[in-house]
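Q: I'd like to ask some things about the structure below.
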Amino acid sequence: MPRLSRAGLPPEKRRTTTLVIVLAGIVVAGVLGSVLVGGLLRESPVPPTSLRGSGTPATSPTGSIDVVVSEAAAQNANATQVQKLFATYFSAINGRDYERYVAAVSQPLAKAQFDTNYATSVDTDGMVRQIHTDEAGKLQVLVSFVSTQSVDSAPPELPVKCIAWTVEWGMDGEPGALLIGTPVQSSTQMEECS
0 MPRLSRAGLP PEKRRTTTLV IVLAGIVVAG VLGSVLVGGL LRESPVPPTS LRGSGTPATS
60 PTGSIDVVVS EAAAQNANAT QVQKLFATYF SAINGRDYER YVAAVSQPLA KAQFDTNYAT
120 SVDTDGMVRQ IHTDEAGKLQ VLVSFVSTQS VDSAPPELPV KCIAWTVEWG MDGEPGALLI
180 GTPVQSSTQM EECS
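When the letters of the sequence shown are read in order and numbered with numbering that gives the first Met the number 0, they come out as residues 0 to 193.
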């Protein structure tokens, strides 16, 4: 007759039961770990890879930069086009490329004014934060970026070398043929950065 343990089971069955419990614990821990890590990754503020820049501004000979799209903005059907449009806009400013600038905006500055306004500007850290429509159905895009420029070229209300901007632009045109319009009245925010 087999010897019974305190639990009333033979030692062989007790070892098997212990092994099953340990394995079940490992499986449960693995599943919980996957759920937690998966949840953390899903809630990460990093935009989808197809819409994401490198996270650091590109500095190429042409002055091009990457523009990042927030997760919220990436949900909009126009996100890819808006991202490319603002990348073109900032790259045109950085590269002093008036023709590229004109291709991105609906109401371009005259060339002489463009040359004067952006002579020392370098824009970085572009991010499309929100894309939505206003009451009239016009597309609006909230963008943040950092500009560095000579103090003489800075806005008179904030004459500093580094400015962190947040601007809401109205977009002109139709999906597939959008252009950057004018900033929404009273939407421009700027502060000195280092």
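Just so it is clear, CB atoms sit at the ideal spot from N, CA and C, and this is done for glycine as well.
#1: Let me make sure I understand the geometry here. Which of 66, 98, 96 and 99 has the alpha-carbon closest to that of residue 86?
#2: Identify every residue that forms a DSSP beta bridge with residue 68.
#3: Look at residue 169 and residue 159 and say whether their C-beta atoms are less than 7 Å apart.
#4: Just how far apart, CA to CA, sit residue 115 and residue 149?
#5: If you draw a straight line from the alpha carbon of residue 177 to that of residue 102, how long is it in whole angstroms?
#6: Have a look at 82, 69 and 125 and flag the residue whose alpha-carbon is nearest the alpha-carbon of residue 93.
#7: Would you kindly report the start and end of the unbroken beta strand (DSSP E) that includes residue 190?
#8: Spatial neighbours of residue 120 within its chain, please: CB distance less than 8 Å, with the 5 preceding and 5 following residues excluded, ordered by chain position.
#9: Is the CB-CB distance between residue 128 and residue 105 below 7 Å?
#10: Would you mind giving the Cβ-Cβ distance between residue 100 and residue 107, rounded to the nearest angstrom? I have them listed as a contact below 8 Å.
A: Well, looking at it:
#1: Position 87 of the sequence shown holds residue 86. From the listed residues 66, 98, 96 and 99, the smallest Cα separation to residue 86 is found for 66.
#2: For the purposes of this step, residue 68 is identified with residue 69 of the sequence shown, where counting begins at 1. Assignment of beta-bridge partners to residue 68 by DSSP yields 127.
#3: Indexing the sequence shown from 1 puts residue 169 at position 170. Indexing the sequence shown from 1 puts residue 159 at position 160. The answer is no: Cβ separation not under 7 Å.
#4: Looking up residue 115 in the sequence shown gives position 116. Looking up residue 149 in the sequence shown gives position 150. Rounded to the nearest angstrom, the two C-alpha atoms are 12 Å apart.
#5: The count along the sequence shown starts at 1 and reaches residue 177 at position 178. The count along the sequence shown starts at 1 and reaches residue 102 at position 103. Their backbone Cα atoms lie some 10 Å apart in a straight line.
#6: Within the sequence shown, numbered from 1, the residue matching residue 93 stands at position 94. In terms of Cα proximity to residue 93, the closest of 82, 69 and 125 is 125.
#7: For the purposes of this step, residue 190 is taken as residue 191 along the sequence shown, with counting starting at 1. Run containing residue 190: 188-191, per the beta strand (DSSP E) assignment.
#8: On the sequence shown, residue 120 is found 121 positions in, with the first residue counted as 1. Cβ within range, chain order: 92, 93, 146, 147, 148 and 152.
#9: The count along the sequence shown starts at 1 and reaches residue 128 at position 129. The count along the sequence shown starts at 1 and reaches residue 105 at position 106. Their beta carbons are not under 7 Å apart, which means residue 128 does not touch residue 105 by this criterion.
#10: Start at 1 with the first residue of the sequence shown, and residue 100 comes out as number 101. Start at 1 with the first residue of the sequence shown, and residue 107 comes out as number 108. The Cβ separation is near 6 Å, so the contact holds.
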